[in-house]
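Residue numbers (the numbering used here): 2 to 227. Ideal Cβ positions, reconstructed from N, Cα and C, are used throughout, including at glycine. Step one of this worksheet: look at the structure below.
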């Protein structure tokens, strides 16, 4: 059955020029070599609220994956669905590696905290014209995100990826938010393991191929020198 993916068109997402949840799902689809039809919806024009999209997900959130007659919404639900229905190549360790599987699932769900802090920061930048940014508000939201980076740095330890020697869903989920913050000017120097992980994951073919086509060489950098 054909897979259809409904995402936010990157150019329609103000300031950050990407939808991290949509990117996350595309990374997984490409990693698994799955053909899919991409429906890029203009977020700024409210196309994700059209009746035919709401019929797939009444909450009006994207991404949405449609597998035949079966719509799946909520990003982690989509990742779980793809791993269960298209397990090869895997992005989670198998049951024969319970230790790595436990770590991979724990790290994956820990990225929900990174996502919450990241989206609070990104949403403030998206909704507030640059001249109206409040330094204290921006600093507080940045600090909440940075606290999650610190935790991720500790979780990496001496391993190249969050659950050991091979990338998992957790690495792709974390990368979507870390890379977006870097695009906005955040320096990763204080978190050397996260910095190395960011570069390592960025070089994965599925990640490089799905990098936002809207990302520019000279974006606004509101997180620089914060």
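Option nearest residue i by Cα separation, candidates the options
i, options, result
"residue 45", "156, 58, 10", "10"
"residue 69", "5, 157, 62, 217", "5"
"residue 180", "13, 40, 150, 43", "150"
"residue 218", "226, 183, 204", "183"
Host alpha helix (DSSP H) of residue i (start-end)
i, result
"residue 54", "52-55"
"residue 195", "193-203"
"residue 142", "136-157"
"residue 104", "99-128"
"residue 207", "206-211"
8 Å Cβ cutoff met for residue i and residue j
i, j, result
"residue 79", "residue 64", "yes"
"residue 216", "residue 19", "yes"
"residue 175", "residue 115", "yes"
"residue 42", "residue 54", "yes"
"residue 50", "residue 34", "no"
"residue 57", "residue 72", "yes"
"residue 86", "residue 26", "no"
"residue 24", "residue 211", "yes"
"residue 223", "residue 134", "yes"
Contact belief for residue i with residue j at Cβ below 8 Å, rounded distance in angstroms
i, j, result
"residue 197", "residue 104", "The Cβ separation is near 18 Å, so there is no contact."
"residue 119", "residue 146", "6 Å"
"residue 154", "residue 128", "In fact, because the Cβ distance is near 29 Å, the residues do not count as touching under 8 Å."
"residue 126", "residue 14", "Going by Cβ atoms, the distance from residue 126 to residue 14 rounds to 11 Å, so no, they are not a contact pair."
"residue 190", "residue 225", "No, residue 190 and residue 225 are not in contact; Cβ-Cβ is about 12 Å, not under 8 Å."
Beta bridge counterpart(s) of residue i as assigned by DSSP
i, result
"residue 74", "65"
"residue 41", "8"
Residue i CB to nearest heavy atom of the ligand PLP below 7 Å
i, result
"residue 53", "As far as ligands go, the structure on display features none, and thus does not contain the ligand PLP."
Residue i - containing beta strand (DSSP E), residue span
i, result
"residue 4", "4-9"
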